[in-house]
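Step one of this worksheet: look at the structure below.
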Amino acid sequence: MQIYPPQAYETLTSFENLKARIAGPDLVRTVAILDVLICHDGILFSSWWHHSLPFHLAVLGFYGVMLFFVLSGFLIGTIMLDLLERGTSLKGWGIFLLRRWLRTLPAYYFWLFALLIPLAYFGPYGVPWDEARHALPWFLTLTQNLGWPMVSNWYGVTWSLCVEEWFYIAFPALLLTLLACRIKPATAFGTTLAAFFIVPFCWRLSLPTDVNWDEVTSKIVPCRFDAIAWGIAAAWLYRHRPAITRYSTLLAAAGTAIVLTVWWRNTGDGALWPPRFGAMVSFDVTGLGYALCMPAMMRLRTLPPLIGPAVRSISTHSYALYLCHLPLIMTAGDLQSRYGLGRRHALILTILTTIGGAILSWRLVERPCLKLRPGQFLP
């Protein structure tokens, strides 16, 4: 019988187990969602008062989403390594996908349909009703940016969810195909991981030099697979090179320095690299920086009582906050510009609906669906 390293059978605490969750991933989710909120809400709030959000804050959305990707790759990659090392059957991989979909899709479809209501009655917030209606089939099938720019800017934040959902279909599919060809598990895993670094880079390299970086380079599904791959690479190192945990603090410091350097220099007067080159490698350099922080994150078990509960609460509601924050602030902005709602009232409405919507989403949709998930590893 094959003996696995300890991490292979000590699975991560499930997200719905609030009491047993470790603090590291919660802290990372909190930082990531705050980055996104500062970017999106900050830009629109500032515009209401005819100001511009400072550029170094306006780009935080990129870093927040990248952090979500790397964290997701690390956590889900750990589960996939468990499945690989146990020699799990196709049924086990099917359970893996089912558990994944029960975590992400119910809230997505809840908000997808809920946000059609203000669009139909008050819209357009960002796009006309007819555009959203014609784009709906793409959003229903999570193909709105599968190999092309977003078909509509209505519910634009969902581009990143498409990246994740298709990654967790494509990665196991390629891995299982290689295993079916009788390739050794370690070789199959390494080849699959390499493919998910090479394909995004080559895809970005093939794009015309004058494409819109935000709408094309950074949001087409295959262009961003390597962000999640960095998390999986970190999970593999954490699993098979346990000695790195002794240097986790040093690695985290180096990773943080990389990310902060890229962020600060690329928003200042002197960029780190020419625009074309930066459009190619900024994803991977930032992904590397975040990946280096993952081992330290896993060693962070608790937070000080002063901030621990707040961090856990924000982390718990981070997915719903991500799904609802931008459409709700756009709706409030539309009510302000077209129906005369005051700026302060629009601000209060945005805050209340975003927080309230996230709480309701967790309690009425996400948590009940999490309880329906089958166990990944059954006796």
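So for the sequence shown, the working numbering puts the first residue at 5; every next one is plus one.
Glycine is no exception: its CB is placed at the ideal position from the N, C-alpha and C atoms.
Here the structure is a predicted model, which is why all the values come from computation and not from measurement.
Here Leu144 is exposed: its Cβ has fewer than 16 other Cβ atoms, across all protein chains shown, within 10 Å.
By the CB criterion at 7 Å, Thr221 and Pro299 fall outside the cutoff. Nearest to Thr290 by C-alpha distance, out of Ala233, Gly98, Ala198 and Val369, is Ala233. Taking the Cα positions, Trp115 is about 17 Å away from Glu169. Taking the Cβ atoms as the reference, Ala336 lies roughly 5 Å from Leu353, within the contact range of under 8 Å. In the structure shown, Gly282 adopts helical secondary structure according to DSSP, grouped into three states.
Here His44 is buried, its C-beta having at least 16 other C-beta atoms within 10 Å.
The beta carbon of Asn216 lies closer than 8 Å to those of Pro153 in the same chain, with the five residues before and after it left out. The alpha carbon of Phe100 has as its nearest neighbour, out of Met84, Leu304, Ala111 and Ala177, the alpha carbon of Met84. Note that the region 353–369 does not touch the region 74–82; fewer than 3 beta-carbon pairs, one per stretch, sit closer than 8 Å. Residue range Pro189 to Ser210 is occupied by the alpha helix (DSSP H) that includes Thr191. Scanning its chain for C-beta atoms nearer than 8 Å, with the 5 sequence neighbours on each side dropped, one finds around Gly28 the residues Ala300, Met301, Met302, Arg303, Leu304 and Arg305, in chain order. Counting along the chain, the unbroken alpha helix (DSSP H) around Ile236 starts and ends at Phe229 to His244. Contact between Ala136 and Trp158 holds, with the beta-carbon distance rounding to 4 Å and staying under 8 Å. Taking 7 Å as the cut-off, the Cβ atoms of Leu71 and Tyr294 count as close. Just so you know, the alpha carbons of Gly259 and Leu165 end up roughly 25 Å apart.
By the Cβ neighbour-count rule, Leu351 is buried, with 16 or more other Cβ atoms within 10 Å of its own. Taking 7 Å as the cut-off, the beta carbon of Val203 is found closer than this to the beta carbon of Pro226. With respect to the C-alpha of Val369, the residue from Thr34, Arg104 and Pro110 having the closest C-alpha is Pro110. Secondary structure of Tyr323 (DSSP, three-state): helix. Inclusion of Leu325 and Ile37 in the CB contact set at 7 Å is warranted, their separation being smaller than that value. Counting of Cβ neighbours within 10 angstroms places Leu339 among the buried residues, the total reaching 16 or more.
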